[in-house]
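Number of protein chains: 2
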Amino acid sequence: MKNEDEPKDKRLKPGDAQKLTMAEVAKYVGVSAMTVSRAFRQDASVSEETRKRIMEAVDALGYVLDLSAGSLSSRRSGFIAALVPSINNSNFSDTARGMTDALQNSGLQLLLGYTDYSAEKEEELIEAMLRRRPEGIILTGGSHTARARRMLAKAGIPVVETWELPEDPINHVVGFSNSEAMALLVRTLASQGYRKFGYIGGTTARDTRGSQRRSGFQKTVEELGLGPGRMISFGVPPITMEQGGQAIVSLLERWPDTEVVLCVSDLSAFGAIMECTRRGMKVPRDIAIAGFGDYEISSICHPRITTINVDCYGIGRQAAARLLDALHTGEATGDEITLTGYKVVLRESTDRNGVPTA
Amino acid sequence: MKNEDEPKDKRLKPGDAQKLTMAEVAKYVGVSAMTVSRAFRQDASVSEETRKRIMEAVDALGYVLDLSAGSLSSRRSGFIAALVPSINNSNFSDTARGMTDALQNSGLQLLLGYTDYSAEKEEELIEAMLRRRPEGIILTGGSHTARARRMLAKAGIPVVETWELPEDPINHVVGFSNSEAMALLVRTLASQGYRKFGYIGGTTARDTRGSQRRSGFQKTVEELGLGPGRMISFGVPPITMEQGGQAIVSLLERWPDTEVVLCVSDLSAFGAIMECTRRGMKVPRDIAIAGFGDYEISSICHPRITTINVDCYGIGRQAAARLLDALHTGEATGDEITLTGYKVVLRESTDRNGVPTA
DNA sequence: CCTGAAATTGTTATCGATATCATCTTGCCG
DNA sequence: CGGCAAGATGATATCGATAACAATTTCAGG
């Protein structure tokens, strides 16, 4: 569908209107380019009258500031990078929202990337981001490739790691202990009389938060003298709802007398519950199931799912706030650790009195 | 926790290592900066030997390319912008994944922004993106503010609108008719004998895809002589699972004899089903419910949800492909419309024979 | 051994804004 | 009315890479 012979083509050629530069706006208004540049900034000293005239011209001509030129000259890119494992996960998108909100009036934009739970992909993304010279960077977790660490160190910008408490933090940390959180859930359920604990999670170590939850489970079950936990590993993290369903089948085949199953996330817990329901088992009457993360689904589905509520939004907001602190104080603040909250949310899926049947 | 008096502070000051420039790498290797620049690109003619030496130096020194300088000089920013309504929505994140995959070896990066279903926020984001001079832009839907349209026209870059078939397309379109898709679902269910149709959706016109689905429903119900549809509007789009639950309660209060309810999305359908279950109604025995979007949850939950499956991933992949076409052919291709597929997926939630009870 | 094309490398100007410093107004106070 | 600080504006150099063209080297073929 080419039509090179149609001259009145309304489509834009490269550089059709694009060419417009600050100098041209300046000429149009009758001031210097520098004054136009100043008019675009809050603090700069330009008389209100001049700024108004400039902005009218900008509007009339349809000029759009060119940040790639600006950031080269000012050595400020005006954005911070944030890497999350997945965009399609309400926990992380809440975190992203927290970051965006915290950056609201800072003049900084958030650039999101997703790593797919892969340290290699994270490394690639870190490099891609650093090439655009972010003023700071927020990562999820504390597990990075050696090269990624080297690049970050060289970059000379503040780094915030989130959602975990890394053993060897790069800089700032905003998070909580996934292992402790899971331990709390185990102890809470044990105190309600549950004794035979099962666990469902992904197979590999890709998802470090998942592994931490798993080890928190394992450790606590043993501490309480409830023997080794009944662990099922299924699928590559992050495990899906469907895999949660498959996992509980294997688990119950192997240990039919299991009383309660903890899942690495609410999504797998939901899959497990649905699969049980489909097979004629009642949750929690025949088996209790709990998740992690307090996703929307857990308070809606039937039965409602017991879980750990994490302050996802707060993690994002505080991570961004830490970064802003670091930038304002000339990046001389300490490498602090900000602990964020979590709490057990007990719901129907582990209710010892069962749930009113539908 | 300041410690300005601790000189051996390992933390980085601004410009600690950052300073490294291409010229320094060049000096280190004993070539010109231009040669270093060439070494970073695939096509450029640099002897293998020189490139190797340069890359070793880059590694040793920890140099990271500066794209903000590069793109100013080359007038190519190396990224395309994509705006989606929400990142926490598996439909759109599948679309984003499709885009990322399609851009794989193009040398272009994807920059995501989310508009929160708001045209004003979209306008802001478009401006923020254009300031960084993307080489193309992908939007969701065809509803934009006048200023957004003006800015896009001026920008002189290819634009792809997705997920709908706008009446007044800017440039390329990759999508399908939401209205037709919903109509198909209505006809399919009507052919199974359903007669009394209800509909649940959000209130305002913010979500244009939602409104299109609604009007497709309305039109078709009337065409089939099934009277005016029983419409419940509840909550600001995108409506949540919980709102789906609240909506079905109002709907059944008002029209207790409703046989089947179509929802603007699977999420509200799920909420509606759970609420019914909780109130002792069986789906589909007492009432049938269907959704839209074929989210993971719909094939997992109990009962499984009848829905419309949309080729989300394909929308993203093709949108990016269209953009690449336009860029390669010197943006002289026609403003084409690429239709993407959808299909009805019949599941338990509308099964006329009921569903095996748990 | 010479010639010309291809391959490799270097030089210089430039992209479009902003930092920095200089200049020019304005207005207030003694 | 002089003087000076604060405010507004302008001129110029510069950020760090790449485009464009020039220069040099390499090498095949006669």
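As given, the protein sequences belong to chains R and A, one line each in that order. Using this note's numbering, the first residue of the first sequence is number 97, and each one after it goes up by one. Using this note's numbering, the first residue of the second sequence is number 97, and each one after it goes up by one. Yeah, the Cβ is synthetic: ideal placement off N, Cα and C, and Gly gets one too.
Item to check | Residues that DSSP places opposite residue 365(A) in a beta bridge | outcome: Indexing the second sequence from 1 puts residue 365(A) at position 269. DSSP lists no bridge partner for residue 365(A).
Next on the checklist: Along the chain, where does the beta strand (DSSP E) containing residue 313(A) start, and where does it finish?
Outcome noted: Taking the first residue of the second sequence as 1, we reach residue 313(A) at position 217. Residue 313(A) -> not in any beta strand (DSSP E); alpha helix (DSSP H) instead, spanning 304 to 319.
Checklist entry - Ordered along the chain, which non-local residues of its own chain (more than five positions away) have a Cβ less than 7 Å from that of residue 254(R)? => result Here the question's residue 254(R) lines up with position 158 in the first sequence. Cβ neighbours of residue 254(R) beyond the five flanking positions: 232, 267, 268, 419, 422, 423 and 427.
Next on the checklist: Tell me which residues of the region 184 to 203 of chain A have at least one Cβ-Cβ distance to chain R shorter than 7 Å, keeping chain order.
Outcome noted: Under the 7 Å Cβ criterion, the region 184 to 203 of chain A contributes 184, 186, 189 and 192.
Checklist entry - To which residues of the same chain is residue 439(A) closer than 8 Å at the C-beta, ignoring the five residues directly before and after it? => result Residue 439(A) sits at position 343 when you count from the first residue of the second sequence. For residue 439(A), the CB contacts under 8 Å within the same chain, skipping 5 residues up- and downstream, are 404 and 405 in chain order.
Item to check | Nearest to residue 348(R) (by Cα), restricted to the options 382(R), 317(R) and 362(R) | outcome: One-based indexing of the first sequence puts residue 348(R) at position 252. Residue 348(R) has its Cα closest to that of 382(R), out of 382(R), 317(R) and 362(R).
Checklist entry - With a Cβ-Cβ cutoff of 8 Å, do residue 298(A) and residue 333(A) count as a contact? => result Along the second sequence, one-based indexing puts residue 298(A) at 202. Along the second sequence, one-based indexing puts residue 333(A) at 237. Taking 8 Å as the Cβ cut-off, residue 298(A) and residue 333(A) qualify as a contacting pair.
Item to check | Three-state secondary structure (DSSP) of residue 384(R) | outcome: Within the first sequence, residue 384(R) is the residue found at index 288, counting from 1. Correct three-state label for residue 384(R): strand.
Item to check | residue 459(R): contacting residues in chain A (beta-carbon distance under 7 Å) | outcome: Outside the modelled stretch of chain R, which goes from 97 to 454, sits residue 459(R), for which no answer is possible.
Checklist entry - How do the region 280 to 289 of chain R and the region 210 to 218 of chain R stand: do at least 3 beta-carbon pairs fall below 8 Å, yes or no? => result Under the 8 Å Cβ criterion, the region 280 to 289 of chain R does not count as touching the region 210 to 218 of chain R, having fewer than three qualifying pairs.
Checklist entry - How would you list, in chain order, the residues of chain R whose beta-carbon sits under 7 Å from the beta-carbon of residue 224(A)? => result Here residue 224(A) refers to the residue found at position 128 of the second sequence. Going along chain R in sequence order, the residues near residue 224(A) (Cβ under 7 Å) are 205.
Checklist entry - When the Cβ atoms of the region 190 to 207 of chain A are set against those of the region 190 to 206 of chain R, are three or more pairs found closer than 8 Å? => result As far as the Cβ criterion goes, the region 190 to 207 of chain A does not touch the region 190 to 206 of chain R, which means the pair count is below three.
Item to check | Near the ligand ADP: residue 170(A) beta-carbon under 7 Å from a heavy atom | outcome: In the structure shown, the ligand ADP is absent, as is every other ligand, since no ligand is present at all.
Checklist entry - Under three-state DSSP, which class holds residue 109(R)? => result As a working mapping, residue 109(R) is identified with position 13 in the first sequence. Low confidence applies here, because residue 109(R) scores a pLDDT of 38, under 50, leaving its location unreliable; read the following figure in that light. Residue 109(R): coil per DSSP, three-state reduction.
Checklist entry - Of all the CB atoms in chain A, is at least one closer than 8 Å to the CB of residue 303(R)? => result Position 207 of the first sequence, counted from the start, is the residue given in the question as residue 303(R). With 8 Å as the cut-off, residue 303(R) does not count as an interface residue toward chain A.
Item to check | Residue of 145(A), 372(A), 434(A) and 364(A) minimising C-alpha distance to residue 388(A) | outcome: Here residue 388(A) refers to the residue found at position 292 when the second sequence is read from its first residue. Closest by alpha carbon: 364(A).
Next on the checklist: Within a Cβ cutoff of 8 Å, which residues of the same chain sit near residue 454(A), ignoring the five residues on either side of it in sequence?
Outcome noted: Here residue 454(A) corresponds to residue number 358 of the second sequence, with the count starting at 1. Unreliable placement is indicated for residue 454(A), whose pLDDT of 45 sits below 50; the coordinate value is still reported in the next sentence. Only residues of its own chain outside the window of five on either side were considered, and among them 398 have a CB closer than 8 Å to the CB of residue 454(A), listed in chain order.
Item to check | Cutoff 8 Å: residue 247(R) Cβ touching any chain A Cβ | outcome: Within the first sequence, the letter at position 151 stands for residue 247(R). So, interface residue.
Checklist entry - Between residue 294(R) and residue 325(R), is the Cβ-Cβ spacing less than 8 Å? => result Here residue 294(R) is taken as the residue at index 198 of the first sequence, counted from 1. Here residue 325(R) is taken as the residue at index 229 of the first sequence, counted from 1. Yes. Within cutoff.
Checklist entry - Does any CB atom of chain R fall closer than 8 Å to the CB of residue 463(A)? => result No statement about residue 463(A) is possible, as the shown extent of chain A runs from 97 to 454 and does not include it.
Checklist entry - For the beta strand (DSSP E) that contains residue 295(R), what are its first and last residues? => result As a working note, residue 295(R) is residue 199 in the first sequence. Note, residue 295(R): beta strand (DSSP E), 293 to 297.
Checklist entry - Is DSSP giving residue 194(R) helix, strand or coil here? => result If you number the first sequence from 1, residue 194(R) lands on position 98. Residue state, collapsed to three classes: helix.
Item to check | Identified DSSP bridge partners for residue 205(A) | outcome: If you number the second sequence from 1, residue 205(A) lands on position 109. Residue pairing of residue 205(A) in beta bridges, as defined by DSSP: 175(A).
Checklist entry - What residues of chain R sit near residue 165(A), judged by a beta carbon separation below 8 Å? => result Residue 165(A) sits at position 69 when you count from the first residue of the second sequence. Those are 168, listed as they occur along chain R.
Checklist entry - Could one say the Cβ of residue 217(A) lies closer than 8 Å to chain R's Cβ atoms, at least one of them? => result What you label residue 217(A) is simply residue 121 of the second sequence in a count that begins at 1. By this cut-off, residue 217(A) is not an interface position.
Checklist entry - Would you report the Cα separation of residue 170(R) and residue 179(A), rounded to the nearest angstrom? => result The residue labelled residue 170(R) in the question sits at position 74 within the first sequence. The residue labelled residue 179(A) in the question sits at position 83 within the second sequence. So the alpha carbons of these two residues sit roughly 28 Å apart.
Next on the checklist: So if I threshold CB-CB distances at 8 Å, which residues from the region 309 to 342 of chain R count as touching chain A?
Outcome noted: Residues of the region 309 to 342 of chain R with a C-beta less than 8 Å from any C-beta of chain A: 336, 337, 338 and 341, listed in chain order.
Next on the checklist: So, under 8 Å CB-CB, residue 135(R) and residue 151(R) are touching, yes? Tell me the CB distance rounded to an integer number of Å.
Outcome noted: Counted from its first residue, the first sequence places residue 135(R) at position 39. Counted from its first residue, the first sequence places residue 151(R) at position 55. Residue 135(R) to residue 151(R), Cβ: 7 Å. Contact.
Checklist entry - Since residue 205(A) and residue 166(A) are thought to touch, with beta carbons under 8 Å apart, how far apart are those beta carbons, to the nearest angstrom? => result By 1-based counting over the second sequence, the position of residue 205(A) is 109. By 1-based counting over the second sequence, the position of residue 166(A) is 70. In fact, because the Cβ distance is near 13 Å, the residues do not count as touching under 8 Å.
Checklist entry - Are the CB atoms of residue 337(A) and residue 393(R) nearer to each other than 8 Å? => result Reading the second sequence from its first residue, position 241 is the one you call residue 337(A). Reading the first sequence from its first residue, position 297 is the one you call residue 393(R). Residue 393(R) is positioned such that its CB atom lies closer than 8 Å to that of residue 337(A).
Checklist entry - Which one or two residues does DSSP pair with residue 255(R) in a beta bridge? => result By 1-based counting over the first sequence, the position of residue 255(R) is 159. Per DSSP, 233(R).
Next on the checklist: 8 Å is my cut-off, CB to CB: does residue 393(A) come that close to chain R?
Outcome noted: Against the second sequence, residue 393(A) aligns to sequence position 297. By this cut-off, residue 393(A) is an interface position.
Checklist entry - Assuming residue 446(A) and residue 345(A) make a contact with CB atoms under 8 Å, what is their CB distance in whole Å? => result Along the second sequence, read from residue 1 onward, the residue named residue 446(A) stands at position 350. Along the second sequence, read from residue 1 onward, the residue named residue 345(A) stands at position 249. About 20 Å; that fails the 8 Å criterion.
Item to check | Under 7 Å (Cβ pairs) to chain A, residues found in the region 149 to 165 of chain R | outcome: Residues passing the 7 Å Cβ filter: 158, 160, 161, 162, 163, 164 and 165.
Checklist entry - What in chain A is Cβ-close to residue 173(R), meaning under 8 Å? => result As a position in the first sequence, residue 173(R) is number 77, starting the count at 1. Neighbours of residue 173(R) on chain A, chain order: 164.
Item to check | DSSP-derived helix/strand/coil call for residue 124(R) | outcome: Residue numbering aside, residue 124(R) sits at position 28 when the first sequence is read from its first letter. Of the three classes helix, strand and coil, the one that applies to residue 124(R) here is helix, per DSSP.
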